[in-house]
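Going down the list, the protein sequences come from chains A and B. Each number in my numbering corresponds to the 1-based position in the first sequence with 5 added. Each number in my numbering corresponds to the 1-based position in the second sequence with 20 added. All C-beta atoms in this analysis are idealised placements derived from N, C-alpha and C, irrespective of residue type, glycine included. Encoded as structure tokens, the structure appears first; notes follow it.
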Amino acid sequence: MTRAAALLAAFAVLLASMLAGGTAGAREKVVVGSKAFPESWILGEAMTALAASAGASAEHRANLGGTEIVAQALRAGAVDAYPEYTGTLKEVVARAPDATQEELRAALAREGMGVTDSLGFDDSYGLAIPAATSDRFGIHSISDAALHRELRAVFSHEFLGRADGWPGLRARYDLDFAEVRGVEHHLAFAALARGDADLVDVYTTDPDIERLGLRVLDDDRGFFPRYDAVIVYRLDLPARAPAVFAAITRLVGRVDRATMTRANAAVASGRSTHDAAAELLAAALGASAPRGIPAGPSTTSMVLASLVRHLELVVAAVLACIVVGVPLGVLAGRRPRLATLVLGATGVLQTIPSLALLALLIPLLGIGVVPAAVALFLYGLLPIVQGTCTGLTGIPASLAESAEALGLSSWAKLRRIELPLASPSILAGIQTSAVIAVGTATLAALVGAGGLGDPILQGITLRSPRLILAGAVPAAALALVVQGLFAWLERLFVPAGLRVRTHAE
Amino acid sequence: MITIDGVAKTYDGRRVLGPVSLDVADGARVALVGPSGCGKSTLLRVILGLVKPDEGRVLLGGEPVGDATKRAVRRRAGYVVQDGGLFPHLTAAGNLAVVARFLGWSDERIEKRTDELARMTGIDRAMLARWPAQLSGGQRQRVGVMRALFLDPDVVLMDEPLGALDPVTRRRLQKELAELFATLGKTVVLVTHDVPEAARLADEAVVLRDGKVVQRGTIAAMAKDPADDFVAELLSAGDA
Numbered sequence: 006m007t008r009a010a011a012l013l014a015a016f017a018v019l020l021a022s023m024l025a026g027g028t029a030g031a032r033e034k035v036v037v038g039s040k041a042f043p044e045s046w047i048l049g050e051a052m053t054a055l056a057a058s059a060g061a062s063a064e065h066r067a068n069l070g071g072t073e074i075v076a077q078a079l080r081a082g083a084v085d086a087y088p089e090y091t092g093t094l095k096e097v098v099a100r101a102p103d104a105t106q107e108e109l110r111a112a113l114a115r116e117g118m119g120v121t122d123s124l125g126f127d128d129s130y131g132l133a134i135p136a137a138t139s140d141r142f143g144i145h146s147i148s149d150a151a152l153h154r155e156l157r158a159v160f161s162h163e164f165l166g167r168a169d170g171w172p173g174l175r176a177r178y179d180l181d182f183a184e185v186r187g188v189e190h191h192l193a194f195a196a197l198a199r200g201d202a203d204l205v206d207v208y209t210t211d212p213d214i215e216r217l218g219l220r221v222l223d224d225d226r227g228f229f230p231r232y233d234a235v236i237v238y239r240l241d242l243p244a245r246a247p248a249v250f251a252a253i254t255r256l257v258g259r260v261d262r263a264t265m266t267r268a269n270a271a272v273a274s275g276r277s278t279h280d281a282a283a284e285l286l287a288a289a290l291g292a293s294a295p296r297g298i299p300a301g302p303s304t305t306s307m308v309l310a311s312l313v314r315h316l317e318l319v320v321a322a323v324l325a326c327i328v329v330g331v332p333l334g335v336l337a338g339r340r341p342r343l344a345t346l347v348l349g350a351t352g353v354l355q356t357i358p359s360l361a362l363l364a365l366l367i368p369l370l371g372i373g374v375v376p377a378a379v380a381l382f383l384y385g386l387l388p389i390v391q392g393t394c395t396g397l398t399g400i401p402a403s404l405a406e407s408a409e410a411l412g413l414s415s416w417a418k419l420r421r422i423e424l425p426l427a428s429p430s431i432l433a434g435i436q437t438s439a440v441i442a443v444g445t446a447t448l449a450a451l452v453g454a455g456g457l458g459d460p461i462l463q464g465i466t467l468r469s470p471r472l473i474l475a476g477a478v479p480a481a482a483l484a485l486v487v488q489g490l491f492a493w494l495e496r497l498f499v500p501a502g503l504r505v506r507t508h509a510e
Numbered sequence: 021m022i023t024i025d026g027v028a029k030t031y032d033g034r035r036v037l038g039p040v041s042l043d044v045a046d047g048a049r050v051a052l053v054g055p056s057g058c059g060k061s062t063l064l065r066v067i068l069g070l071v072k073p074d075e076g077r078v079l080l081g082g083e084p085v086g087d088a089t090k091r092a093v094r095r096r097a098g099y100v101v102q103d104g105g106l107f108p109h110l111t112a113a114g115n116l117a118v119v120a121r122f123l124g125w126s127d128e129r130i131e132k133r134t135d136e137l138a139r140m141t142g143i144d145r146a147m148l149a150r151w152p153a154q155l156s157g158g159q160r161q162r163v164g165v166m167r168a169l170f171l172d173p174d175v176v177l178m179d180e181p182l183g184a185l186d187p188v189t190r191r192r193l194q195k196e197l198a199e200l201f202a203t204l205g206k207t208v209v210l211v212t213h214d215v216p217e218a219a220r221l222a223d224e225a226v227v228l229r230d231g232k233v234v235q236r237g238t239i240a241a242m243a244k245d246p247a248d249d250f251v252a253e254l255l256s257a258g259d260a
């Protein structure tokens, strides 16, 4: 019992320190969000530098997973501003693809969100062909391309599937190419470079356009919706932090397509987003660009910090799972009808896709450590409840009856006899829960909670295997450490008599 | 000491016991015998409140066995099951003292009682430090009996206590237990399907069939004058 009490105390201290860390700081704090692709990240980095130059304590929550999550984080007040595109806002947030700029503004205002004018570039879909092909056949617009059935098209899977991609485009221009294949986006450029394809879909700020000497065809029938880059912000930001708001919105109208493409190219060639953002600010704002943008942490210290955070998340979640799961398991073990209900409910929790669960938790808990730990807790509950319940119901009938016949109180029977007998099964459940937590905690980075998912996500965004491994290898090692730890815990918690296998006759 | 008054039990519409009425006098040693499924184990469980009868009632030491009293009743009765029913996570000594510890006995008192019982049963003290898995079947059974006697109960209830032992050990334990119970003067109710064992451990036997009492008396008297063919057959099969 003293061991259990010590564990409980450790859990309380850990939780308190995490909560304190999450709410500390009397200074005006501004949080900039960004999504998990380089362009969003660069713009987020630039906005953070501008906010810091206005005297705020600015934080960049980079690599948040997807539009829904960033938008939810903004509504919930966990993020103050983030870079976005008008097309995405209309489709995903306002759910009105044909809305005018004014209608969009009104729709966002109803949700407490404001939107700036264009930053000066658009990142729309487009079709591109090699400049040489364009010159030789006189193909400058999509209508021109429609006259050349022999063109070999290679499109990304997403473009082939989206209503505002190939299906709509084909209908609008009556396109009928002899060959249309779907491949991974960057493989499309490789195919083009080898001469295996003539036509690809591009984002208009894609650095490969310049690198490969491509020409974006004119969308002369105006099919592609415009994806003008804008800044989305909480409507309370201008009043709460006017200087910060003014600083961030200095980007409006100042970033042209060439500047953005250059910054994307810098990151694609392996330079840091921090450097790319500094160059983008210098190009956009000239001499008035903020100087001395604080550099990000080194990879080593970043991975170390991620590892520590990963451990904090896992330990907090698993301890909470034990505190809640074991009593639930005991309850389920006592009442078979309740067992069906409890195991069913915790089982359903496990089937919710982790990304969906995180998105559901954001309106309630914001972003960061708390929703991530809660999600891990919900995922880790079932194995412990199940382990406890199975351990108790699996006690041989003769032992259960002997225990009952002793005349102990229910609590004494549970503590002195049933729980020790069930301990191997309970511990196995906790181990499963811990291993699940170690793996699932990599997704915590999607809601800005950090952890080893941070280097992994950054690595994916930057196409850097080195960064991916810097997160994945420690995560795998951690899973092995957990296995070893439980072999040791078994010696500590499972009574020696249950591990004796010799029979001295 | 034990009064069973019109007790009956039905499982899933099948009557497995009763109605049975039976008195066991203070210090009497009674064996419940009969074939598998005759209700003898159920009857034993009813006495401890492990099975709640649909009809009738049980008095133990004058006190009715019910939901409110069953814990107190159980502490006045030692219960021994096949193979001892020892808890594998406690040492033999830990098994002996599990209820005493719950009741707040001091270490000294527990130690003293353990010594007493070890002398009584002729068990080596050093062996009591072992885990149940490290004991032989006969040793486990002796420890099971010691545990049942630890709180010095008025009554000892045993369900096929020697069923899992080899014949040699079984004979030896039958002799030891008979002497022990004779010395202690406890009221004993024993369930067994082995008639010679009943004869060795108990003064008289109660023959059960299909949940009902067929005959009661000493084995010798019943063998001489069986109530019916069933009793005659049961007792002669035991002789073979």
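Where do the N-terminal and C-terminal ends of the beta strand (DSSP E) with residue i fall, by residue?
| i | result |
| --- | --- |
| Lys90(B) | Counting along the chain, Lys90(B) falls outside any beta strand (DSSP E), though it belongs to the alpha helix (DSSP H) covering 90 to 95. |
| Gln194(B) | Where Gln194(B) is concerned, there is no enclosing beta strand (DSSP E), although the alpha helix (DSSP H) it sits in stretches over 187 to 204. |
| Glu5(B) | Nothing about residue 5(B) can be reported from this structure: the residues present for chain B run from 21 to 260 only. |
| Arg229(B) | 224 to 229 |
| His162(A) | First-last for His162(A): 162 to 166, but that is the alpha helix (DSSP H), not the beta strand (DSSP E). |
| Asp179(B) | 175 to 179 |
| Val35(A) | 34 to 40 |
| Pro246(B) | From DSSP, Pro246(B) is part of no beta strand (DSSP E); its letter is neither H nor E. |
| Gln154(B) | First-last for Gln154(B): undefined, no H or E at that position. |
| Gln235(B) | 232 to 237 |
| Asp25(B) | 22 to 31 |
May I ask whether a heavy atom of the ligand FMN can be found less than 7 Å away from the beta carbon of residue i?
| i | result |
| --- | --- |
| Gly124(B) | This structure lacks the ligand FMN; in fact it carries no ligand of any kind. |
Would residue i pass as a contact of residue j if the rule is Cβ separation under 8 Å?
| i | j | result |
| --- | --- | --- |
| His315(A) | Leu457(A) | yes |
| Leu180(A) | Ala151(A) | yes |
| Arg65(B) | Val71(B) | yes |
| Leu132(A) | Asp225(A) | no |
| Phe229(A) | Ser311(A) | no |
| Ser123(A) | Tyr87(A) | no |
| Glu73(A) | Val36(A) | no |
| Thr91(A) | Arg231(A) | yes |
| Pro479(A) | Val308(A) | yes |
| Phe107(B) | Leu397(A) | no |
| Thr351(A) | Leu386(A) | yes |
| Gly59(B) | Gly164(B) | no |
Locate the alpha helix (DSSP H) running through residue i, then write down its first and last residues.
| i | result |
| --- | --- |
| Met52(A) | 43 to 58 |
| Ser306(A) | 304 to 339 |
| Pro368(A) | 359 to 370 |
| Leu381(A) | 374 to 398 |
| His279(A) | 278 to 290 |
| Ser148(A) | 147 to 151 |
| Val487(A) | 470 to 498 |
| Leu462(A) | 458 to 466 |
From this set, the options, which residue's C-alpha is nearest residue i's C-alpha?
| i | options | result |
| --- | --- | --- |
| Ser139(A) | Arg468(A), Pro212(A), Leu343(A), Asp203(A) | Asp203(A) |
| Ala322(A) | Ile435(A), Gln488(A), Val260(A) | Ile435(A) |
| Ser438(A) | His190(A), Gly330(A), Glu116(A) | Gly330(A) |
| Val486(A) | Ala325(A), Val440(A), Ala282(A), Ala380(A) | Val440(A) |
| Leu286(A) | Phe42(A), Gly49(A), Ala41(A), Glu33(A) | Gly49(A) |
| Thr30(B) | Asp74(B), Arg94(B), Thr23(B) | Asp74(B) |
| Asp127(A) | Ser146(A), Ser45(A), Gly200(A) | Ser45(A) |
| Val40(B) | Val226(B), Gly205(B), Ala48(B) | Val226(B) |
| Ala200(B) | Trp151(B), Thr212(B), Leu137(B), Asp179(B) | Looking at the sequence shown, residue 200(B) is not Ala but Leu. With distances taken between Cα atoms, Leu200(B) lies closest to Leu137(B). |
| Arg562(A) | Ala168(A), Ile372(A), Gly187(A), Arg167(A) | The requested residue 562(A) is not part of the displayed model; chain A covers only 6 to 510. |
| Pro216(B) | Ala45(B), Trp125(B), Asp32(B), Ala51(B) | Ala51(B) |
| Ala492(A) | Leu432(A), Pro460(A), His162(A) | Leu432(A) |
Interface residues of the stretch 449 to 464 of chain A facing chain B [CB-CB below 9 Å]:
none
Restricting to runs no shorter than 4 residues, where is the alpha helix (DSSP H) found entirely within the stretch 406 to 430 of chain A?
415 to 418
The stretch 391 to 425 of chain A: which residues have C-beta closer than 8 Å to a C-beta of chain B, in chain order?
Ser403, Leu404, Glu406, Ser407, Ala408, Glu409, Ala410, Leu411, Gly412, Leu413, Ser414, Ala417, Arg421, Ile422, Pro425
Under 8 Å, CB to CB, which of the residues in the stretch 429 to 441 of chain A have a partner in chain B?
So the list is empty, because no residue satisfies the distance condition.
Report the start-end ranges of each alpha helix (DSSP H) in the stretch 188 to 269 of chain A that is 4 residues or longer and not cut off at the edges.
190 to 199, 212 to 216, 242 to 245, 247 to 253
Considering only residues of the stretch 36 to 66 of chain B, which uninterrupted beta strand (DSSP E) runs meet the minimum length of 3 residues and lie entirely inside it, listed in chain order?
DSSP runs (the beta strand (DSSP E)) wholly in the stretch 36 to 66 of chain B: 49 to 53.
Mind checking the stretch 310 to 336 of chain A against chain B and listing, in chain order, the residues whose C-beta falls within less than 9 Å of any C-beta there?
Per Cβ criterion, the list is empty.
If the cut-off is 8 Å on Cβ atoms, which residues from the stretch 140 to 154 of chain B count as contacting chain A, listed in chain order?
Arg150, Trp151, Pro152, Ala153, Gln154
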